[in-house]
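The structure appears right after this line, and notes come after that.
Protein chains: 2
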Amino acid sequence: MTTSTTPRLVLDATAQDLLFRQARTADRFTDEPVPDETIEAVYDLVRYGPTAFNQQPLRIFLLRSPESRERLAVHLSRSNREKTLRAPLTSLLAVDNEFHRKLARLFPEFPGAADLYAENHALRERSASLNGALQAAYFIIGIRAAGLAAGPMSGFDEDGVNREFFPAGDLSALLVVNIGRPEQSGERPRRPRLAHSEVCRTL
Amino acid sequence: MTTSTTPRLVLDATAQDLLFRQARTADRFTDEPVPDETIEAVYDLVRYGPTAFNQQPLRIFLLRSPESRERLAVHLSRSNREKTLRAPLTSLLAVDNEFHRKLARLFPEFPGAADLYAENHALRERSASLNGALQAAYFIIGIRAAGLAAGPMSGFDEDGVNREFFPAGDLSALLVVNIGRPEQSGERPRRPRLAHSEVCRTL
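Same order as they appear, the protein sequences are chains A and B.
Here my numbering is used: the first sequence runs in plain steps of one and ends on residue 318.
Here my numbering is used: the second sequence runs in plain steps of one and ends on residue 318.
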């Protein structure tokens, strides 16, 4: 089913539907596994999304072992815990607060870029959060580009997850995203979106 | 020109190129105007991107008057100021820290959602920043879906911008994004991206 699309866009209607109009956040998935190669293909696409100073702070942890899934699950709300333990694949998205150590390679034309961040940990954390969140959104779009559904979740016990997975303090958890082929039955109606007039204003 | 694509993705190669592989951040644009209808079409697509509790905190300010552009420009670094004053359209992306007031409408099946945020301003700000950044990324993708280029910029004087544009304190500036048809000549080579093995790890 294709919904109405606007001629102002260049992206074709099928892609619009795949990535946005028909794509839905999934709570329940089929048993079909999500192989490493699929995630590699997703990353190979979305790594081109822009970040400030090309800093690319996002790190993706694929929780494939039951042990790693359980280590995460105890820090989720009860409803998210159940979804996560049943998903074919769960990814823990985090940001590298030490991203500046790679900037000489990632942004070579401005050798001073690393120095901007080196002595300001708070600035690094803010920048990693913002740019990591941009990359998390690209990753969600990429999951949809692979014909799969994402189930992103925030609101977990971030401190608990950070202590469990990143005890050295160099990484910070950002988002948990379940990944798989969505179970179509029982899909809830799409929730309302804000109108253009509520969001956009001309000054 | 189409680059090599992976058969693991469902999204066709043309769309992959349009949104990620060939799309580039633009510093310089042609004089071609970007009409309101284009931004409306972009928003109409990307508003379907997911946010926590469907909170949709992003607000988009289109700075069309020379006065509004100047009000922003003084808070940007010198190089970003020049780019911004020359762009066909500049958008100021902000987040509504009072998003919880709309949750009864946006997430009707959980009437208590607004209460989770009502008495915790710090939680609201954190949640608005994260989810607004996801939406900012969807917006950048949407600009590319319209065949245009985005020039996203962070690192400006956020406090200064907030005082100038949002004196009531209900909104926080997130990102500035210039929008237009890119000037192709003098495009710099794409900066390196991190390899899959540097970003993804299986646990």
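The beta carbon of each residue, even a glycine, is placed where N, CA and C say it ideally should be.
Treat the numbers as computed from the prediction; the structure is a model and nothing was measured.
Taking the continuous beta strand (DSSP E) assigned at residue i, which residues delimit it?
i      : result
A265/A : A264 to M268
F176/B : L173 to L178
T153/A : From DSSP, T153/A is part of no beta strand (DSSP E) but of the alpha helix (DSSP H) over D151 to V161.
Would you identify the three-state DSSP class for residue i, choosing helix, strand or coil?
i      : result
T117/A : Any answer about T117/A is weak, because its pLDDT of 48 lies below 50 and its placement is not dependable; what the coordinates show is given next. Coil at T117/A, not helix or strand.
P203/B : coil
F280/A : helix
F135/B : helix
R184/B : helix
N293/A : strand
V189/A : coil
F271/A : coil
F321/A : There is simply no residue 321/A to check, as chain A begins at 116 and stops at 318 in what is shown.
What residue range does the alpha helix (DSSP H) around residue i cover?
i      : result
S300/B : No alpha helix (DSSP H) contains S300/B, which DSSP labels as neither H nor E.
V316/B : Note on residue identity: the sequence assigns Arg, not Val, to residue 316/B. Unbroken run through R316/B is the beta strand (DSSP E), C315 to T317; no alpha helix (DSSP H).
F254/B : H236 to A260
D127/A : That residue, D127/A, is in no alpha helix (DSSP H); it is neither H nor E in DSSP.
L221/A : L218 to L221
L231/A : A228 to A233
Under a Cβ-count criterion, where at least 16 other Cβ atoms within 10 Å of its own Cβ denotes burial, should residue i be classed as buried or exposed?
i      : result
T199/A : buried
T317/B : exposed
F225/B : exposed
P304/B : exposed
M116/B : Low confidence applies to M116/B: its pLDDT is 46, below 50, so where it sits in the model is not reliable enough to give any reading.
A237/A : exposed
D142/A : buried
P165/A : buried
R193/B : exposed
Against chain E, with Cβ distances strictly below 9 Å, would residue i count as a contact?
i      : result
A237/B : This model lacks chain E altogether; the protein chains it does include are A and B.
Check each residue of the segment 180-202 of chain A: if its Cβ is closer than 7 Å to any Cβ of chain B, include it; give the result in chain order. S180 and S183
So if I threshold CB-CB distances at 9 Å, which residues from the segment 250-262 of chain B count as touching chain A? Q250, A251, A252, Y253, I255, I256, G257, R259, A260, A261 and G262
Taking beta-carbon pairs under 7 Å, can you tell me which members of the segment 163-175 of chain B lie near chain A? Y163, G164, P165, A167, N169, Q171, L173, R174 and I175
Spell out a yes or no on whether the segment 306-314 of chain B and the segment 218-232 of chain B are touching, meaning 3 or more CB-CB pairs, one atom from each, closer than 8 Å. no
Residues within the segment 120-141 of chain A neighbouring chain B, beta-carbon criterion of under 9 Å: T120, T121, P122, R123, L124, V125, L126, D127, T129, A130, Q131, L133, L134, F135, R136, Q137, A138, R139 and T140
So if I threshold CB-CB distances at 7 Å, which residues from the segment 208-228 of chain B count as touching chain A? R220, L221 and F222
Taking Cβ-Cβ distances below 7 Å as the criterion, which residues of the segment 273-288 of chain B are in contact with chain A? none
Is it the case that the segment 279-297 of chain B contacts the segment 193-210 of chain B, given that we only count it when at least three CB pairs across the two stretches are under 8 Å? yes
Spell out a yes or no on whether the segment 134-146 of chain B and the segment 174-182 of chain B are touching, meaning 3 or more CB-CB pairs, one atom from each, closer than 8 Å. no
Name the residues in the segment 143-159 of chain B whose C-beta lies less than 8 Å from a C-beta of chain A; which are they? D151, E152, T153, I154, E155, A156, V157, Y158 and D159
Residues of the segment 286-312 of chain A in Cβ contact with chain B at a cutoff of 7 Å, in chain order, please. R306, P307, R308, L309 and H311
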